[in-house]
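Visitor:
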Ligand code: MOS
């Protein structure tokens, strides 16, 4: 089914199940430990052996020799796979560096071997006996230095930025930096691989089933249909599990060698450098405005680094769309770095970009003597600023900011920094816009009506802790007119129709639209079987009602199960409408005037993202994102060893993320919207929107508390301690 805009009235609009606050239907399985994660498929492979992955001990160079002798004869060892044993491997579409290195090494902790043994302990002990002799070559590990020899940036321009900026009576020109960040998901990368002849099955933890399946087949040089990839439960991904990673490849290679199923989990200290991270950025922002606050020139130039053949962090995305202004320049510059692979982490692009842009907007408002909300409202735009013929499908940024200001008590904020105290605490409030694009991705589903009237949905969509199971069940229940508990949802299996997967906050809207499409087909089949006109049939209360008669839904499957399959596609919708999601983030912090320690006191997010499919799961997404934003603002940073080229703090002791005690009070408000230009669900993504802007709102609140502007994330106390107001 191809989506036709605008979406007309449809069964989803009844909102008897969709839009209601249902707890996760997979919740009981998870809270009782019965949801099987990748490493827990004991029943499927009771004879599984264990693989322990060895990571390269250098960042760049060559393996001169590997001595496997002692490891091979260690207790319990069944076999060892290195690049030599693996033979010629192909390359997947989504990996920058080979997942199995050797003899060439592309980055620190790139997998170079898997040792397979009867037990995990034996595999790990034997791995420690492998001796590797390296020939280390120099690499580039320092972003600022590597940028000096980087190619010219890729620019997008509109109007005459330089002239307009020079002529502007009010100007800002500032550099903001964000560090490398780690996804730090709870569940590590893990896979159980089993071969049956030439047929490979992997139980793994992956956000994008079809990408993972395709890339595993390509890497192993086998047909895609010989690979089945299963990932029903995922303990967090944040983009780290968008792509095939070494656990899956090494498990498959190990299992092929020892002719037994093999399990591989990457250890925490291994996975940070072995897998991907959010790359550090250096972002220069220039804004020129008239005295009344109208932006006449805006430039955002971002630089980042990645391995050869990698890509830039697209931190200027939002600056091309968020504020009006006739003269515009955005650019991305990419340096080659020999650090581990940089790639997508929750809201890639906007998350880092908003951390910079929304401090810049705060600084500019102060220069203009304007309230930071009024400054943003003044520069709101209802059309793509680079293409005025392309309107936003729906844009309520202003309402988010103004509603939020009222609810948060923004009027009580003192615009003069360092002027509010509460005992030893300097107290400040900060605001930032939230912005993240909404994408639509082709998404398929199969829906079954059983003879007893139960509905089963099958799609390779994943649930990475987001609530996919629940909103998909709600969609099918609404479409087929049955209660939620009459619907079973099966996800995360490559034997199901290919879905959008979980990424780029496109999962919720796209996957439910695919289920909608399949349900439309199933409704037609049901109506046909019951002799009803599908256009007139009303599905509700487990019945199907036509003009002349009404019948139980189950009656349509009397002669046997009914099955319907379809996918939702969007054509060139993106060219007609700019689809984005919006919000306002409000933060109050206290800064200890003696120690400089920063504590978040209150947070509020007001979000506008079309119809909210389930206020409980959507709120959880935003709460989690706000929490992650506090981490990005105040704590998270991978420390680079610039001599040896790796991330030093590669575990959860050294890589700090917020805990409950760091987050005292969070509130989330959703504007009551339905965006009929985006899909029949009229819903947009929320999971990444909640992160975009939080960091800047925190940083702006810290500035309002202290009067010390920190432009280098994370905002830690050492960066403002020596400049805090004198204690009288
Ligand atoms: Mo998201 S970084 O596309 O999982």
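In my numbering, the protein residues as written are 712 to 1439.
Beta carbons: idealized from backbone N, C-alpha and C, even for Gly.
So the candidates are 810, 784 and 780; which of them puts its Cα closest to the Cα of residue 1452?
Guide: Because the chain here runs from 712 to 1439, residue 1452 falls outside it and cannot be looked at.
Visitor: State the Cα-Cα distance for the pair residue 1345 and residue 1315, rounded to the nearest angstrom.
Guide: In a straight line, the C-alpha of residue 1345 is about 17 Å away from that of residue 1315.
Visitor: Which of the three DSSP states, helix, strand or coil, is assigned to residue 1345?
Guide: Three-state result, residue 1345: helix.
Visitor: So which of 765, 815, 799 and 894 has the shortest CA-CA distance to residue 842?
Guide: Selected option, being the one with the closest Cα: 765.
Visitor: Considering only residues of the same chain and omitting the five flanking positions on each side of residue 1471, which have a CB-CB separation below 6 Å?
Guide: Given a span of 712 to 1439 for the chain in the structure shown, any question on residue 1471 remains unanswerable.
Visitor: Assign residue 1134 to one of two classes, buried (16 or more other C-beta atoms within 10 Å of its C-beta) or exposed (fewer than that).
Guide: Flag for residue 1134 reads exposed.
Visitor: State the start and end residues of the unbroken beta strand (DSSP E) segment that holds residue 1140.
Guide: It spans 1136-1148 - the beta strand (DSSP E) in which residue 1140 sits, taken as one unbroken run.
Visitor: Is the beta carbon of residue 953 within less than 6 Å of some heavy atom of the ligand MOS?
Guide: At least one heavy atom of the ligand MOS is nearer than 6 Å to the Cβ of residue 953, so yes.
Visitor: Residues in the same chain with beta-carbon distance under 6 Å from residue 1290, minus the five sequence neighbours each way, listed in chain order, please.
Guide: For residue 1290, where only same-chain residues beyond five positions count, the Cβ hits under 6 Å are 1104, 1149 and 1389.
Visitor: Could you give the DSSP three-state label for residue 1414: helix, strand or coil?
Guide: Residue state, collapsed to three classes: helix.
Visitor: Taking the beta strand (DSSP E) that residue 1286 belongs to, which residues open and close that run?
Guide: No beta strand (DSSP E) contains residue 1286, which is instead part of the alpha helix (DSSP H) from 1284-1287.
Visitor: So, does the stretch 901-910 touch the stretch 1022-1042, judging by three or more C-beta pairs under 8 Å?
Guide: No contact exists between the stretch 901-910 and the stretch 1022-1042.
Visitor: If you draw a straight line from the alpha carbon of residue 1273 to that of residue 740, how long is it in whole angstroms?
Guide: In a straight line, the C-alpha of residue 1273 is about 28 Å away from that of residue 740.
Visitor: Could you give the first and the last residue of the continuous alpha helix (DSSP H) run that contains residue 1102?
Guide: Here residue 1102 belongs to no alpha helix (DSSP H); instead the beta strand (DSSP E) covers 1098-1102.
Visitor: Per DSSP, residue 1234 forms a beta bridge with which residues?
Guide: Note: residue 1234 sits in no beta bridge, so no partner.
Visitor: Just checking my contact of residue 1050 with residue 818 at CB under 8 Å: how many whole Å lie between their CB atoms?
Guide: That belief holds up - the Cβ atoms of residue 1050 and residue 818 are roughly 6 Å apart, short of 8 Å.
Visitor: Taking 6 Å as the cut-off, is the C-beta of residue 1056 nearer than that to any heavy atom in the ligand MOS?
Guide: Yes, Cβ of residue 1056 sits closer than 6 Å to a heavy atom of the ligand MOS.
Visitor: Can you tell me which residues form a DSSP beta bridge with residue 1357?
Guide: Beta-bridge pairing links residue 1357 to 1352.
Visitor: If you reduce the DSSP assignment to three classes, tell me which class residue 1468 lands in.
Guide: In this structure the chain extends from 712 to 1439, so residue 1468 is not present and cannot be described.
Visitor: Where DSSP assigns a beta bridge to residue 1302, which residues make up the other side?
Guide: Beta-bridge pairing links residue 1302 to 1137 and 1309.
Visitor: Between residue 1215 and the ligand MOS, is there a pair consisting of the residue's CB and a ligand heavy atom that are separated by less than 6 Å?
Guide: Residue 1215 Cβ: within cutoff of the ligand MOS.
Visitor: Please find out if some non-hydrogen atom of the ligand MOS comes closer than 6 Å to the beta-carbon of residue 1059.
Guide: Yes, the Cβ of residue 1059 comes within 6 Å of a heavy atom of the ligand MOS.
Visitor: Is there at least one non-hydrogen atom of the ligand MOS closer than 6 Å to the beta-carbon of residue 950?
Guide: Yes, the beta carbon of residue 950 sits closer than 6 Å to at least one heavy atom of the ligand MOS.
Visitor: Please report the distance separating the alpha-carbon of residue 779 from that of residue 990.
Guide: Using only the alpha carbons, I get a separation of about 35 Å.
Visitor: Across the stretch 822-836 and the stretch 781-795, are there enough close Cβ pairs to call them in contact, namely three or more that are closer than 8 Å?
Guide: A contact exists between the stretch 822-836 and the stretch 781-795.
Visitor: Going by other Cβ atoms of all chains shown within 10 Å of its Cβ, with 16 needed for buried, is residue 981 buried or exposed?
Guide: Its Cβ being crowded by 16 or more others within 10 Å, residue 981 is buried.
Visitor: Are residue 1385 and residue 1322 close, meaning C-beta to C-beta below 7 Å?
Guide: The answer is yes: Cβ separation under 7 Å.
Visitor: In chain order, what residues of the same chain lie with their CB nearer than 6 Å to the CB of residue 1074, ignoring the 5 residues before and after it?
Guide: Cβ neighbours of residue 1074 beyond the five flanking positions: 883.
Visitor: Going by DSSP in three states, residue 763 sits in which element: helix, strand or coil?
Guide: Here residue 763 sits in strand by DSSP.
Visitor: May I have a chain-ordered list of the alpha helix (DSSP H) segments no shorter than 4 residues that lie completely inside the stretch 922-957?
Guide: If we require 4 residues or more, the stretch 922-957 turns out to have no alpha helix (DSSP H) run fully inside it.
Visitor: Per the contact definition of three or more C-beta pairs closer than 8 Å, is the stretch 1177-1197 in contact with the stretch 1136-1151?
Guide: Verdict: no, contact absent.
Visitor: Along the chain, where does the beta strand (DSSP E) containing residue 881 start, and where does it finish?
Guide: Segment 881-889, the beta strand (DSSP E) holding residue 881.
Visitor: To which residues does DSSP link residue 1381 through a beta bridge?
Guide: Looking at the DSSP assignment, residue 1381 forms a beta bridge with 1318.
Visitor: Could you work out which residue in 912, 939, 1041 and 1251 is closest to residue 725 when comparing CA atoms only?
Guide: The shortest Cα separation from residue 725 among 912, 939, 1041 and 1251 belongs to 1251.
Visitor: Only counting the same chain, and skipping five residues up and downstream in sequence, which positions put a Cβ closer than 6 Å to that of residue 1083?
Guide: 1073, 1076 and 1142, listed in sequence order.
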